[in-house]
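These notes are about the structure you will find just below.
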Amino acid sequence: MAVQHGEKIMLCSDLDRTLIPNGFQPESPDARPFLRRLAQRPELILVYATGRDTGLIAEALKTWDLPLPHIAVGDVGTAIYTVAGTLDKPQFDPWQDWQEAIAADWNGRNGRDLLKMLSDFKVLRLQAEEKQKAFKLSFYTDVGLDLEGLAGKMKAALLENGIRASIVASIDEMADVGLVDVLPERATKVHAIYYIIQKYSIDASRVVYAGDSGNDLPALTSGLNAVLVRNASEDVCRQAIDMASQKGHEFALYLAEGGFMGMNGNYAAGVLEGLAHFMPAVRHWL
Ligand SMILES: [Mg+2]
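Everything in the sequence shown is counted per our numbering, starting at 800 for the first residue and increasing by one.
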């Protein structure tokens, strides 16, 4: 049966420690089988939004047997791809219009130029070359720093040089290290999601975003229907609740608590729990 336009639902989900169970907490065995069943529904548009590049997205699909998405937002929002092909051989077709839209924020400068502008920030350690992308400059820091304060200072230093940047900071709890990404101001995951929503003419009320960590916070508190998986750290939970209520969006944020379909609310189970909270029809699809 043909699906009417208005019936579409868009699920946008982070990968690591959101759909991928690569954290400390256990995964419910039914979680990813349910996710794969859900992905077969013609009503569902599946979008992955991740810090991974295309190679690492492809690896994740295979390793964790995740359903092939329709669209992938890669490199923390700086690239959008239409995804085709198969799980074994996914093809990623980049959206050039998105690259052009975000390039203006860096005023024709590249990551190397920005690195010089940030040379006074001794707490930043440049990540390996393969982590640096056309519009993503990535650093490590020690954990326990005031990441928000650091991000503010970096943003100001770049602005003095005519660069409009978003600084996305989060903690990799598995590796016990801070991650700081410098992106064009409009190139975060949440900007990319809104760009996709517009391009596909999806009603924003039909979109659900799922995430677990710092780089998901803008999307989780943007007013889109959002779900924080249960395995998220207490810190991220607290920040998400604070940011959402400051913006008056507390009712659009759902914290997975477990119990849905007998699952524990971690990872994909939490994503499905949140999706069903906002879109009750999903319960019957599983
Ligand atoms: Mg994550």
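Here a beta-carbon is modelled for each residue, glycine too, at the ideal position from N, C-alpha and C. A quick note: this is a predicted structure, and the numbers were derived from the prediction, not measured.
Inter-residue spacing [alpha-carbon to alpha-carbon] between Ala883 and Glu858:
15 Å
Counting C-beta neighbours from all protein chains within 10 Å, is the total for Gly854 16 or more, i.e. buried, or is it exposed?
exposed
Residues that Asn1132 bridges to, as DSSP identifies them
Residue coverage of the chain in this structure runs from 800 to 1085, which leaves residue 1132 outside it and unanswerable.
Segment limits, alpha helix (DSSP H) that includes Asp912
Gly910 to Met916
Just how far apart, CA to CA, sit Phe920 and Leu958?
15 Å
If you draw a straight line from the C-alpha of Asn909 to the C-alpha of Arg963, how long is it?
12 Å
Residues with a Cβ closer than 7 Å to any heavy atom of ligand 1, in chain order?
Asp813, Leu814, Asp815, Arg816, Thr817, Gly1010, Asp1011, Ser1012 and Asp1015
Asp815 beta carbon less than 9 Å from that of Thr776
Outside the displayed range of the chain (800 to 1085) lies residue 776, so it cannot be described from this structure.
My understanding is that Val1070 touches Ala991, with C-beta atoms under 8 Å, so please give their C-beta distance in whole angstroms.
Not quite, the Cβ-Cβ distance comes to about 18 Å (not below 8 Å), so this is no contact.
Would you decide whether Ala1067 is buried or exposed? Buried here means 16 or more other CB atoms lie within 10 Å of its CB.
buried
Look up Ala968 in the DSSP assignment and give the residues it is bridged to.
Val979
Coarse secondary structure for Val872, derived from DSSP in three states:
strand
Check whether the segment 977-996 touches the segment 930-941, taking contact to mean three or more Cβ pairs, one atom from each stretch, closer than 8 Å.
yes
Output needed for Ala1055: all residues of its chain with C-beta closer than 7 Å, excluding positions within five of it in sequence on either side, in chain order.
Val1026, Leu1027, Val1028, Arg1029, Gly1064, Gly1069, Glu1072 and Gly1073
Which residues DSSP lists as bridging Phe891, in chain order
Val882
Would you say the segment 829-847 touches the segment 990-1009, given that touching needs at least three Cβ pairs under 8 Å?
yes
State the start and end residues of the unbroken alpha helix (DSSP H) segment that holds Thr862.
Thr853 to Trp863
Quick one: residues in its chain with C-beta nearer than 6 Å to the C-beta of Gln895, no 5 flanking neighbours on either side, listed in chain order?
none
With DSSP run on the structure shown, which of helix, strand or coil describes Phe938?
strand
According to DSSP, which residues form a beta bridge with Asp815?
Ile819
Quick one: using the 10 Å Cβ neighbour count with 16 as the cut-off for buried, is Thr1020 buried or exposed?
buried
Find out if the Cβ-Cβ distance for the pair Val922, Leu944 is shorter than 9 Å.
yes
When DSSP builds the beta bridges, which residues end up paired with Leu810?
Leu845 and Val1007
Local conformation of Lys1046 per DSSP, three classes
coil
With burial defined as no fewer than 16 other Cβ atoms inside 10 Å of the residue's Cβ, what is the status of Asn1024: buried or exposed?
buried
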